[in-house]
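S.K.:
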Amino acid sequence: MGMDGNYLRVTQEELERALDDPNGFREETQDRLDDLADADLPPEEARYLTTHKAWHAIAFLLGRAEFHVDVVHGEGEIAEEEDWGYGPPRYLSADQVESAAEALAVLDFDELLDSTDPNDLTEADVYPLTWDEEDALEWVGHWFKPIPAFFSAAAEKGDSMILWID
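So that you can map any letter, position 128 of the sequence shown is 128 in UniProt numbering, and since no number is skipped, the others follow by simple counting.
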């Protein structure tokens with residue numbers, strides 16, 4: 001058990017429902033989320049994606065690269081008083097998803113790591129604090145790898161995204 005990063009591709013109509021009634025939306029989609037999580041589809045076909053515990057390291061690396069869209073925490077707030085695990089859910093609009101997808105398509109994860117030492121993550125108190133393990137940065141890359149394809153597929157369909165940590 002731990003803190004996992006989650007993404008749900010949604011239509012504009014679904015996003016509006018989530019904004020109007022976040023708790024109701026979560027309740028009505030919980031069974032679907034469980035099914036989507038179990039589906040194990042390639043990112044191009046998936047409606048749900050998790051980065052498991054790598055979310056914070058991904059946010060750290062993208063932040064250091066001054067990535068222009070917060071693809072880990074989202075840009076818009078759904079509801080401050082709602083808690084979907086570790087804080088409120090957030091979202092990216094279809095335009096933000098498209099902008100992020102374009103930039104992610106040309107982003108090389110190895111370049112993000114070029115000037116990164118695992119000690120940087122330890123010093124920054126990046127969750128899950130296992131950066132002394134030999135393959136820690138490769139582990140992050142494993143969870144980062146599906147993100148560009150997931151975002152590209154969402155952008156092609158004009159989807160938005162709901163993001164949360166649970």
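The C-beta atom is built at its ideal place from N, Cα and C for all residues, glycine as well.
Nothing here was measured: the structure is a model prediction, and the numbers come from that model.
How would you write the range of the alpha helix (DSSP H) that Asn147 sits in, first residue to last?
M.R.: Mapped onto the sequence shown, residue 147 falls at position 147. Per the sequence presented here, residue 147 reads as Ile, with Asn not at that position. First-last of the alpha helix (DSSP H) with Ile147: 147 to 157.
S.K.: Quick check: the region 18 to 28 against the region 78 to 90, are at least 3 beta-carbon pairs closer than 8 Å?
M.R.: Touching, yes.
S.K.: DSSP has Leu49 in a bridge; who is on the other side?
M.R.: As a position in the sequence shown, residue 49 is number 49, starting the count at 1. Paired residue(s): Tyr7.
S.K.: Here's a check: name, in chain order, each residue in its chain whose Cβ is nearer than 8 Å to the Cβ of Ala54, leaving out the five neighbours to either side.
M.R.: Position 54 of the sequence shown, counting from 1, holds the residue named residue 54. Excluding residues within five positions, the ones whose Cβ falls inside 8 Å are Gly5, Trp139, Val140, His142, Trp143, Phe144.
S.K.: What does the Cβ neighbour count give for Pro42, buried or exposed, with the cut at 16 atoms within 10 Å?
M.R.: In the sequence shown, the residue the question calls residue 42 occupies position 42. Classification of Pro42: exposed, given that the 10 Å Cβ count is below 16.
S.K.: Under the DSSP definition of a beta bridge, which residues are partnered with Tyr86?
M.R.: By one-based count along the sequence shown, residue 86 stands at place 86. Beta-bridge pairing links Tyr86 to no other residue.
S.K.: Within a Cβ cutoff of 6 Å, which residues of the same chain sit near Val71, ignoring the five residues on either side of it in sequence?
M.R.: Sequence index remark: in the sequence shown, residue 71 carries index 71 (1-based). Excluding residues within five positions, the ones whose Cβ falls inside 6 Å are Ala100.
S.K.: What are the boundary residues of the beta strand (DSSP E) that includes Ser160?
M.R.: Position 160 of the sequence shown, counting from 1, holds the residue named residue 160. Note, Ser160: beta strand (DSSP E), 160 to 165.
S.K.: Quick one: what's got a C-beta closer than 7 Å to Tyr127's C-beta in the same chain, skipping five residues either side?
M.R.: Within the sequence shown, numbered from 1, the residue matching residue 127 stands at position 127. Result list for Tyr127: Met3, Lys53, His56, in chain order.
S.K.: Helix, strand or coil, according to DSSP, for Gly63 in the structure here?
M.R.: Against the sequence shown, residue 63 aligns to sequence position 63. Of the three classes helix, strand and coil, the one that applies to Gly63 here is helix, per DSSP.
S.K.: Evaluate the contact criterion for the region 26 to 41 versus the region 55 to 69: three or more CB pairs, one atom per stretch, below 8 Å.
M.R.: Because the criterion of three Cβ pairs below 8 Å is not met, the region 26 to 41 and the region 55 to 69 do not touch.
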